[in-house]
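Student:
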Amino acid sequence: TWTTHNVVDEQIALIKAQVGTKRAICGLSGGVDSAVAAALVQKAIGSQLTCVYVDHGLMRQGETEQVEKDFVAATGVKLKVVDAQERFLSALKGVSDPEEKRKIIGREFIRVFEQAQAEIVAEAGEHGESVDFLVQGTLYPDVVESGGGTGTANIKSHHNVGGLPEDLQFQLVEPLRKLFKDEVRMVGQELGLPEEIVQRQPFPGPGLGIRIVGEVTKERLDLLREADAIAREELTAAGLDREIWQCPVVLLADVRSVGVQGDGRTYGHPIVLRPVSSEDAMTADWSRLPYEVLAKISTRITNEVRDVNRVVLDVTSKPPGTIEWE
Ligand code: XMP
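Okay, so the sequence shown: first residue is 206 according to UniProt numbering, each after it adds one.
1. Rounded to a whole number of angstroms, what is the C-alpha to C-alpha distance between Val-510 and Ala-436?
2. Report the rounded CA-to-CA distance for Gln-247 versus Pro-380, giving the unit in angstroms.
3. Nearer than 8 Å: is that true of the beta carbon of Pro-346 relative to any heavy atom of ligand 2?
4. Quick check for students: name the residue ranges of the beta strand (DSSP E) that lie wholly in the stretch 309–377, counting only runs of 3 or more.
5. Looking at the unbroken beta strand (DSSP E) that takes in Ala-229, where does it start and where does it end?
6. Out of curiosity, what's the CA-to-CA distance linking Gln-341 and Gln-466?
7. Assess, as a yes-or-no matter, whether the stretch 260–269 is touched by the stretch 381–388 under the definition of 3 or more beta carbon pairs within less than 8 Å.
8. Would you mind stating whether Ile-415 and Trp-491 have Cβ atoms separated by less than 9 Å?
9. Spell out whether any CB of chain D is found under 9 Å from the CB atom of Ala-329.
10. Please tell me whether Gln-394 and Arg-447 are closer than 9 Å, where the distance is taken between their beta carbons.
11. Taking 8 Å as the cut-off, does the stretch 502–521 touch the stretch 471–479 (at least 3 CB pairs, one atom from each stretch)?
12. Using only the heavy atoms of ligand 1, determine whether one of them is closer than 8 Å to the beta carbon of Ser-362.
13. Between the C-alpha atoms of Val-277 and Arg-390, what's the straight-line distance to the nearest angstrom?
14. Kindly identify the DSSP beta-bridge partner or partners of Lys-285.
15. For ligand 1, is there any heavy atom lying closer than 8 Å to the beta carbon of Arg-265?
16. Ala-243 to Glu-273, Cα distance in whole Å?
17. Give the straight-line distance between the Cα atoms of Gln-253 and Val-287, rounded to the nearest whole angstrom.
18. Report the rounded CA-to-CA distance for Leu-297 versus Leu-413, giving the unit in angstroms.
19. Just the C-alpha distance for Ser-482 and Leu-373, rounded to the nearest angstrom, thanks.
20. For Ser-522, which residues of its own chain have a beta-carbon under 7 Å away from its beta-carbon, when the five flanking residues on both sides are left out?
21. Among Val-498, Glu-305, Gly-251 and Pro-407, which residue has its Cα nearest to the Cα of Ala-486?
22. For Asn-359 and Gly-311, which I take to be in contact (beta-carbon distance under 8 Å), what is that distance rounded to the nearest angstrom?
23. Considering only residues of the same chain and omitting the five flanking positions on each side of Val-212, which have a CB-CB separation below 7 Å?
24. Taking Ala-279 as the reference, which of Ser-335, Pro-524 and Gly-397 has the closest Cα?
25. Assuming Arg-430 and Gln-266 make a contact with CB atoms under 8 Å, what is their CB distance in whole Å?
26. Would you tell me roughly how many angstroms separate the C-alpha atoms of Pro-303 and Glu-331, rounded to the nearest one?
27. Could you please give the first and the last residue of the uninterrupted beta strand (DSSP E) stretch that includes Arg-470?
28. Could you tell me if the beta carbon of Ala-486 falls within a distance shorter than 8 Å of some heavy atom in ligand 1?
29. Which one or two residues does DSSP pair with Ala-489 in a beta bridge?
30. Might you give, ordered along the chain, the residues of its own chain that have their beta carbon closer than 8 Å to the beta carbon of Asp-387, omitting 5 neighbours on each side?
31. Have a look at Lys-285, His-363, Pro-495 and Gly-526 and flag the residue whose alpha-carbon is nearest the alpha-carbon of Ile-449.
32. Excluding the five sequence neighbours on either side, which residues of its own chain have a C-beta within less than 7 Å of the C-beta of Val-520, listed in chain order?
33. Report the three-state DSSP secondary structure of Gly-393 (helix, strand or coil).
34. Indicate the three-state DSSP secondary structure (helix, strand or coil) for Ser-462 in the structure shown.
35. Check the DSSP bridge columns for Val-454 and list the partner residues they point to.
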């Protein structure tokens with residue numbers, strides 16, 4: 206029978222058998238999936254695991270600090286933080302197509318992991334075991350939507366499945382591959398991870414890179430980060446965090462509309478709010494948020510974020526719309 210206890214025991218045995226005395230790295234994104242995968246693998250192989258947090262510059266406000274502080278405090282895991290902002294930004298330069306963005310981000314993640322792998326080996330000296338394994342928090346829905354690793358996305362290439370390069374040097378360890386999000390949360394609880402991590406709303410590995418419709422630039426990222434921080438702050442203040450599954454905040458960077466602010470004409474960008482409720486992200490419905498909360502978010506974003514003169518609400522279920530815009 207399915208119990209989280211059994212899943213944990215079974216996965217620990219499988220991970221031990223797979224990794225043996227070799228070493229592994231695990232990409233941490235700050236989200237639930239990678240945190241639970243890392244905690245599970247750490248339980249199985251202890252200090253043979255090093256976690257790698259890639260700061261790709263596509264993160265939301267405060268995210269990097271949170272991983273550095275909370276996750277390490279909760280697990281005592283070995284953590285390597287890599288500043289890869291320049292690398293990701295230049296790889297994404299001039300790219301607007303969503304699938305292309307996803308593939309580039311997936312590829313750059315792996316390049317950074319390879320670099321980390323080389324550094325860990327060098328630090329350990331000649332007697333260190335090689336780093337052969339890459340741990341990923343891939344879930345069942347990621348596999349399904351990415352076309353099961355067939356190379357052709359059914360819906361979109363999740364960065365850690367369909368977005369992997371063909372010449373991948375790592376063997377993958379994916380202990381959550383058969384699980385849905387609510388099951389992953391239960392496993393995290395069983396492993397003793399704190400509520401702040403286990404109950405976090407989902408956030409995609411490619412981060413804000415797939416929430417800018419159009420080319421990703423530093424300036425646009427900064428702008429979106431500000432809008433996103435306001436939306437999150439207000440949703441939290443209204444006590445809605447547990448009620449909604451997640452709320453992507455999207456910048457329509459290639460769209461402009463006319464506005465009036467102060468006594469002048471503006472020609473700025475719209476921000477889309479995409480609050481959804483869901484059980485497993487395979488289907489979703491748009492959240493009926495209180496008008497007062499929406500009004501507050503809209504007023505603050507248009508007042509505080511330069512170049513944004515319009516806030517719109519996405520009232521599409523999934524299907525037909527996916528949760529993310531790209
Ligand atoms: P969609 O947009 O496919 O999203 O309805 C379903 C869920 O998956 C998240 N998502 C991703 N997570 N890498 C991830 O780690 C990705 O490439 C990716 N794409 C979407 C999305 O935020 C939602 O929770």
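Each residue gets a CB set at the ideal place from its N, CA and C atoms; glycine is no exception.
Tutor: Here's the rundown:
1. Those two C-alpha atoms are separated by around 12 Å.
2. Cα to Cα, the separation comes out at about 12 Å.
3. Judged by which ligands are present, ligand 2 is missing from the structure shown, whose ligands are ligand 1.
4. Within the stretch 309–377, the complete beta strand (DSSP E) runs of at least 3 residues are 336–340.
5. Residues 228–233.
6. The alpha-carbon atoms of Gln-341 and Gln-466 are separated by roughly 46 Å.
7. Touching, no.
8. If you check the CB distance, Ile-415 and Trp-491 do not come in under 9 Å.
9. No chain D is part of this structure, which consists of one protein chain only.
10. Here Gln-394 is not near Arg-447, since their CB atoms are 9 Å or more apart.
11. Touching, yes.
12. Yes, the Cβ of Ser-362 comes within 8 Å of a heavy atom of ligand 1.
13. Rounded to the nearest angstrom, the two C-alpha atoms are 18 Å apart.
14. In the DSSP output, where bridge partners are listed per residue, Lys-285 has Val-257.
15. Result no, Cβ not under 8 Å from ligand 1.
16. Cα to Cα, Ala-243 sits roughly 14 Å from Glu-273.
17. Inter-residue distance for Gln-253 and Val-287 is about 19 Å (C-alpha atoms, whole angstroms).
18. Looking at the two C-alpha atoms, the distance is approximately 12 Å.
19. Their Cα atoms are separated by approximately 35 Å.
20. The answer, listed in chain order, is Ala-489, Asp-490 and Trp-491.
21. That would be Pro-407, whose Cα lies nearest to the Cα of Ala-486.
22. Not quite, the Cβ-Cβ distance comes to about 16 Å (not below 8 Å), so this is no contact.
23. Listed in chain order, the non-local C-beta contacts of Val-212 below 7 Å within the same chain comprise Val-392, local neighbours out to five positions each way being set aside.
24. When each option's Cα is compared against that of Ala-279, the closest is Gly-397.
25. 5 Å between Cβ atoms; contact.
26. So the alpha carbons of these two residues sit roughly 43 Å apart.
27. Taken as a continuous stretch (DSSP letters only), the beta strand (DSSP E) holding Arg-470 covers 469–478.
28. Yes, the beta carbon of Ala-486 sits closer than 8 Å to at least one heavy atom of ligand 1.
29. Looking at the DSSP assignment, Ala-489 forms a beta bridge with Lys-523.
30. Excluding residues up to 5 positions away in sequence, Glu-484 and Asp-485 lie with their Cβ nearer than 8 Å to the Cβ of Asp-387 in the same chain.
31. Of the candidates Lys-285, His-363, Pro-495 and Gly-526, the residue whose Cα lies closest to the Cα of Ile-449 is Pro-495.
32. Cβ-Cβ distances below 7 Å link Val-520 to Trp-491 in the same chain, with the five nearest sequence neighbours on each side left out; the list follows chain order.
33. Here Gly-393 sits in helix by DSSP.
34. DSSP places Ser-462 in strand when its eight states are reduced to three.
35. Note: Val-454 sits in a beta bridge opposite Leu-478.
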